[in-house]
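Below is one structure, written out as structure tokens; comments come after it.
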Amino acid sequence: MKGQLRRKVQREKFARRVVLLSQEMQAGLQAWQLKQQQKLQEEERKQKNALKPKGASLQSPRPSQ
Numbered sequence: 208m209k210g211q212l213r214r215k216v217q218r219e220k221f222a223r224r225v226v227l228l229s230q231e232m233q234a235g236l237q238a239w240q241l242k243q244q245q246k247l248q249e250e251e252r253k254q255k256n257a258l259k260p261k262g263a264s265l266q267s268p269r270p271s272q
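To convert, note that position 24 of the sequence shown is 231 in the numbering used here; the numbers rise steadily by one, no gaps.
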């Protein structure tokens, strides 16, 4: 009977550890996804706010006659 109880306690301890590690992995994955999303938004903001060409560079070249 002692061995059976000991194994039961070990299995319960292992199960709690698995659940804890699973939760930590899920939290880490969510944090990584949030970071990736913020990085993408920052890149989009930089592109939107980038300097725009002006003047002669905007005019299309005229064909020579």
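By construction, the Cβ of each residue, glycine as well, lies at the ideal position given by its N, Cα and C atoms.
Per-residue DSSP class, three states only, for residue i
i: L258; result: coil
i: M232; result: helix
Cα-Cα separation, residue i to residue j
i: A238; j: L258; result: 32 angstroms
i: A234; j: Q211; result: 35 angstroms
i: K209; j: Q244; result: 53 angstroms
i: E251; j: L227; result: 36 angstroms
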